[in-house]
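Using my numbering, read the sequence shown as starting at 9 and increasing by one per residue. Note that the Cβ used here is the ideal one computed from N, Cα and C, for glycine as well. Please read the structure below before turning to the comments.
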Amino acid sequence: MFSSLPATIRLYFMTKWEYATIPLIIHATKQILDQWGDDGWELVQVVPGPDGNGLVAYLKREKQ
9 MFSSLPATIR LYFMTKWEYA TIPLIIHATK QILDQWGDDG WELVQVVPGP
59 DGNGLVAYLK REKQ
């Protein structure tokens, strides 16, 4: 749809994102992610925490 527009105009229409990283408590993972999801955040990835114990979630949502 926008491919025929000049690059500078296409950049204007590109989606802008904001990101968050949050620690996940293993026994409350669903509750934590559901709350962030209710606030418009989408889960991108879950990785081991920096100390090797626990998890860190990466989330994104469209910038408002």
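Measure the CB-CB distance between residue 67 and residue 29 and report whether it falls below 9 Å.
As a working note, residue 67 is residue 59 in the sequence shown. As a working note, residue 29 is residue 21 in the sequence shown. In contact: residue 67 and residue 29 (Cβ atoms closer than 9 Å).
Within 10 angstroms of the Cβ of residue 49, are there 16 or more other Cβ atoms? Answer buried if so, exposed if not.
Here residue 49 corresponds to residue number 41 of the sequence shown, with the count starting at 1. Counting Cβ neighbours within 10 Å, residue 49 comes out buried, since at least 16 surround it.
Which one or two residues does DSSP pair with residue 53 in a beta bridge?
As a first step, residue 53 is located in the sequence shown; it is residue number 45 there, counting from the start. Answer by DSSP bridge pairing, in chain order: 66.
Taking all protein chains shown into account, do 16 or more other C-beta atoms lie within 10 angstroms of the C-beta of residue 15, making it buried, or fewer, making it exposed?
Within the sequence shown, the letter at position 7 stands for residue 15. Counting Cβ neighbours within 10 Å, residue 15 comes out exposed, since fewer than 16 surround it.
CA-to-CA distance, residue 23 to residue 11, given in whole angstroms
As a first step, residue 11 is located in the sequence shown; it is residue number 3 there, counting from the start. As a first step, residue 23 is located in the sequence shown; it is residue number 15 there, counting from the start. Cα to Cα, residue 11 sits roughly 15 Å from residue 23.
According to the Cβ coordinates, are residue 27 and residue 64 closer than 9 Å?
Residue numbering aside, residue 27 sits at position 19 when the sequence shown is read from its first letter. Residue numbering aside, residue 64 sits at position 56 when the sequence shown is read from its first letter. Between residue 27 and residue 64, the C-beta gap is not smaller than 9 Å, which leaves the two residues out of contact.
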